[in-house]
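Working notes, structure below.
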Amino acid sequence: MSAGYVHGYSKSESTRLEDQANCLNGLLHHDTTFPDGSTVLEAGCGIGAQTVIVAPKNPGARFVSIDISEDSLRKAEALARSRCIRNVEFHVGDILDLKFPDGHFDHIFVCFVLEHLPDPVAALRSLKRVLKRGGTITLIEGDHGSAYFYPESRHAQEAINALVELQSRGGGNALIGRQLYPLMVQSGFKNCSVSPRMVYVDSSKPNLVEGFIKNTFTAMIEGIREKAVSSSVAGKDAMESGIQGLYRTCGPDGVFCYTFFKGIGHNI
Ligand SMILES: C[S@@+](CC[C@H](N)C(=O)[O-])C[C@H]1O[C@@H](n2cnc3c(N)ncnc32)[C@H](O)[C@@H]1O
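84 is the number that my numbering gives to position 84 of the sequence shown; each next residue is one higher, with no gaps.
Now the structure itself:
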């Protein structure tokens, strides 16, 4: 992982990851299914926010969920235990230095991780090595260039751009969603397909106003406010007005759109 992991590992970031996973469950995971009897590697499971959705959806599959952060893994284990989920084992592991034999897994699942890696193709090739022939990789990523909203706000756009810039300085890419297809092809996966998943929110969807606009997207921008100011990527007042501009889209006349990208590639 890049040294400048932009979101950090704070308690508020853990809460944000859980809110994100819960409110996007149907949109992202209605088709995250793996055959009974298969072994699935979840790479970069973090605090287990996706694990506790995807593992119970696939009770006949066995999951091996890894992350480079021991602290996050402990939280993931505790979360899975608290939900009585028994088809997952957690291990510390680095995607770039996997300790599994070639072709060990039937399927691989990676959510919101590639955007933080300086060399996503190296990560995908490393993952491909441990994937069986005939197996699939499922990738889910966002793309902050896909965010548009009403009322429009120049400052809100600048605050989003500040996150894109910070993530880029740390070696990541907050605009990676649009690149999933070429990245999979470049890494040697075949029969690749990408499905864009748009979140559209207006005030008739109060759960998404809370869960997505406030607790996922705006919380993410708030989480980098200090870092953006201290690294002179944005001014303090501009960040403040930008965050207020994002909250403004939660009003009765507000609208917010964002697109996630879900890609599937085959190891043939
Ligand atoms: C934004 S979090 C996403 C966590 C989880 N997949 C989710 O969607 O809630 C990114 C995770 O990738 C992990 N990560 C980053 N680089 C990694 C690497 N080289 N190997 C394993 N995990 C890595 C981080 O520690 C972090 O927990």
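Using N, Cα and C, we set each Cβ at its ideal position, and we do this for glycine too. Quick caveat: nothing in here was measured; it's all calculated off a predicted structure.
>> Does R16 pass the burial test, meaning 16 or more other C-beta atoms within 10 Å, or should it be called exposed?
In response: buried
> The alpha helix (DSSP H) spanning S232 covers which residue range?
Replying inline: First-last for S232: undefined, no H or E at that position.
> Who are the near neighbours of I85 in its chain, counting only those whose CB is closer than 8 Å to its CB and skipping five residues on each side?
Replying inline: T51, V52, A55, P56
> In three-state DSSP terms, what is T15?
Replying inline: helix
> Hey, L98 and V130 are a contact pair by Cβ (cut 8 Å); roughly how many whole angstroms apart?
Replying inline: 5 Å
>> Please list the terminal residues of the continuous beta strand (DSSP E) segment that includes S65.
In response: 62-67
>> Output needed for L41: all residues of its chain with C-beta closer than 6 Å, excluding positions within five of it in sequence on either side, in chain order.
In response: V64, F105, I108
>> Rounded to whole angstroms, what is the Cα-Cα separation between A162 and F34?
In response: Rounded to whole angstroms, the separation of the alpha carbons of F34 and A162 is 38 Å.
>> Classify V92: buried if its beta carbon has 16 or more other beta carbons within 10 angstroms, exposed otherwise.
In response: exposed
>> Let me make sure I understand the geometry here. Which of G44, S82, C23 has the alpha-carbon closest to that of I68?
In response: G44
> How many angstroms separate the CA atom of I243 from the CA atom of R169?
Replying inline: Rounded to the nearest angstrom, the gap between the Cα atoms of I243 and R169 is 21 Å.
> What number of angstroms, rounded off, separates the C-alpha of D202 from the C-alpha of P151?
Replying inline: Approximately 12 Å, taken between the alpha carbons.
> Does the Cβ of Q157 lie closer than 7 Å to at least one heavy atom of ligand 1?
Replying inline: No, the Cβ of Q157 stays beyond 7 Å of every heavy atom of ligand 1.
> For A3, which three-state DSSP category applies?
Replying inline: Low local confidence applies: a pLDDT of 43 at A3 is under 50, so the model's placement there is unreliable, with the coordinate-based value given in what follows. Here A3 sits in coil by DSSP.
> When the distance is taken between beta carbons, is R248 closer than 8 Å to S153?
Replying inline: yes
> Looking at C-alpha atoms only, which residue of S230, C192, H266, R197 is the closest neighbour of D31?
Replying inline: R197
> Would K11 be called buried (16 or more neighbouring beta carbons within 10 Å of its own) or exposed?
Replying inline: K11 is exposed by the Cβ-count criterion.
> Along the chain, where does the alpha helix (DSSP H) that runs through Y181 open and close?
Replying inline: 180-186
> Excluding the five sequence neighbours on either side, which residues of its own chain have a C-beta within less than 7 Å of the C-beta of L180, listed in chain order?
Replying inline: L139, E141, V194, F261, G263.
>> Which of the three DSSP states is assigned to F217 in this structure?
In response: helix
>> Please report the straight-line C-alpha distance between L28 and G46, rounded to a whole angstrom.
In response: 17 Å
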